[in-house]
Amino acid sequence: MTAHQPRTRGRPPAADRDHVTATALRLLEEVGLDGLTMRKLATAVGVQVGTLYGYFPTKRALLTAMAEAMLSGCRGVDEGIAQPRERVWALARNLRTALLSYRDGARVYAGTHAIGPNTLGFAEALNGALRETGLDAAAAMRTALLIMHFATGHALEEQAAIQSGPDLPAGIEQLHKAIQDGEYPHLAQGQDHLTGTDLTELFEQGLRLLTAELPR
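Now the structure itself:
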């Protein structure tokens, strides 16, 4: 007769956090951030809701773990990129791509402060590339934060535009009408660029502006 396994008490094994996090990211693709509840996640994992709080005491803690997972591989840059400034650009693109790879990815990431190897490794690589351009530690950190905030905010706007879906043309039409009906001559002259800009090119332009003073 097989002996019964002893029951464990306290929190579930820490290694299972990875499974819960991965399940949360899959569920995010299905229901979005607004639909991601601890109850739905518990059902997807196959546990009671109370069990999830053994892994993550708050939803914010869950989102932080999800943000950390999303940045897996972000610190990697092609070895053929020799110039430090170009490595900075590549890392910024990695962050944008990672956030856009998940539904509401930028909303999940924004405001989290993960301290795992993916997040800290990315920050280390970005700061390292900036230091190689000649910046001191303080200037490199400030520039890194600006780049990360820019990439996150840009991804937020991109994903918001994507989610507008069929409502977007109507919104653009209303915007054009409001500009035409009001006294906004500068907006009127540039309104085609206001709503018809290639978002990837806009990101690249912003990235170049942020790093314009870095040595080539």
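Counting in the UniProt record's numbering, the sequence shown tops out at residue 216, every number present. Built from N, CA and C at the ideal position, the CB exists for glycine as well. This one's a predicted model, so the numbers in the text were calculated from it and none came from an experiment.
{"query": "Same chain, Cβ closer than 7 Å to Tyr109, neighbours up to 5 away in sequence not counted", "result": "Ala67, Met70, Leu99 and Thr152"}
{"query": "Contact check, Tyr102 vs Leu52, beta carbons under 8 Å", "result": "no"}
{"query": "Helix, strand or coil at Phe150 according to DSSP, with G and I counted as helix", "result": "helix"}
{"query": "Proximity to Gly111 [Cα-Cα], best of Arg60, Met141, Gly76 and Ala144", "result": "Arg60"}
{"query": "For Asp78, three-class secondary structure by DSSP", "result": "coil"}
{"query": "Alpha-carbon to alpha-carbon, Arg85 and Arg208", "result": "10 Å"}
{"query": "6 Å Cβ shell around Phe56 - same chain, five flanking residues per side excluded", "result": "Leu62"}
{"query": "Cβ-heavy atom distance, Asp78 to the ligand MG, below 7 Å", "result": "Absence of the ligand MG is noted for the structure shown, with no ligands found whatsoever."}
{"query": "Cβ-based neighbour list, Ala44, same chain, cut-off 7 Å, excluding 5 preceding and 5 following", "result": "Thr23 and Leu27"}
{"query": "Own chain, CB closer than 6 Å to His154, minus 5 neighbours either side, in chain order", "result": "Phe203"}
{"query": "Burial state of Ala82 (16 or more Cβ within 10 Å)", "result": "exposed"}
{"query": "Beta-carbon proximity check, Phe150 vs Leu210, cutoff 8 Å", "result": "yes"}
{"query": "Reduced DSSP secondary structure (H/G/I, E/B, other) of Leu33", "result": "helix"}
{"query": "First through last residue of the alpha helix (DSSP H) which encompasses Gly105", "result": "Gly105 to Tyr109"}
{"query": "Within 8 Å, strictly: CB atoms of Arg17 and Ala65", "result": "yes"}
{"query": "Spatial distance of Gln174 from Gln159 (CA atoms)", "result": "20 Å"}
{"query": "Through-space distance from Asp192 to Leu146, alpha-carbon basis", "result": "28 Å"}
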